[in-house]
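Counting with the working numbering, you get residues 5 to 172 for the letters of the sequence shown. Here a beta-carbon is modelled for each residue, glycine too, at the ideal position from N, C-alpha and C. Just so you know, these numbers come straight off a predicted model, no measurement behind them.
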Amino acid sequence: MTPSATGRRETRDGHDSVVMDRVFRAPIESVWAAVTESDRLERWIGTWTGDPASGSVLFRMNAEGDDAKPETFTIHECDPPRRVSLTSQVVGEQNAWHFVLELTEDAGTTTLTFSQSVPDAEMATGVGPGWDYYLDRLVAAETGGDVAALDFDDYYPALSDHYRALFS
């Protein structure tokens, strides 16, 4: 079954970005932990090492195969449990990505708004489906679902045209 594309195009922190929301019936502190604590991140995307107080951590994705290169995540702003702004750069490469995660809570329901900078339509064809996949994995991890049951091949290339159109 092909999942739905959930992303939209917006300017975030001065960057042309793909933006997606996910809603959790959970307190904001729990969702914050799911997107910032290494052991909680490991359940759906990867792990980080280092000291965030230094302003950066080393992050490695866990669903990208054994040859996934570590990324340095520079923390620009951190306002727990509401907002974190980051830039990532794969070690040894030039490309950098800007991310913003914002959380709001209302009556026990928390909305996560995620954004990543996207420089062009061709890059959007992979970034968009990739984040629909990973954010669906986050939802599965936080709701007791089977993260392993989600298959990236259901997302890419099926959702690519949606994201190409957004950034064309």
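- Runs of the beta strand (DSSP E) spanning 3 or more residues and lying entirely within the segment 60 to 128 occur at 60 to 65, 75 to 83, 87 to 94, 100 to 110, 113 to 121, in chain order.
- If you check the CB distance, residue 59 and residue 32 do not come in under 8 Å.
- Straight through space, the alpha carbons of residue 65 and residue 39 are spaced by roughly 13 Å.
- Beta-bridge analysis with DSSP links residue 13 to 22.
- Assignment of residue 40 by DSSP, reduced to helix, strand and coil, places it in the helix class.
- Under DSSP, residue 51 shares a beta bridge with 64.
- Per the C-alpha coordinates, the member of 35, 139, 165, 42 positioned closest to residue 126 is 165.
- Residue pairing by DSSP puts residue 27 in a beta bridge opposite 115.
- DSSP, reduced to helix, strand and coil, places residue 133 within a helical segment of the structure shown.
- One thing to note: residue 132 has its Cβ no nearer than 8 Å to the Cβ of residue 27.
- In this structure residue 24 is buried. Its beta-carbon is surrounded by 16 or more other beta-carbon atoms within 10 angstroms.
- Its Cα nearest to that of residue 98, the residue 76 stands out among 112, 88, 76, 110.
- Positions of the alpha helix (DSSP H) runs, each at least 4 residues long and wholly inside the segment 141 to 168, cannot be given because no such run exists.
- For residue 8, the three-state secondary structure derived from DSSP is coil.
- A residue is called buried once 16 or more other Cβ atoms fall within 10 Å of its Cβ, and residue 116 is buried on that count.
- Between the segment 49 to 63 and the segment 101 to 108 there are fewer than three inter-stretch CB-CB distances shorter than 8 Å, so the stretches are not counted as touching.
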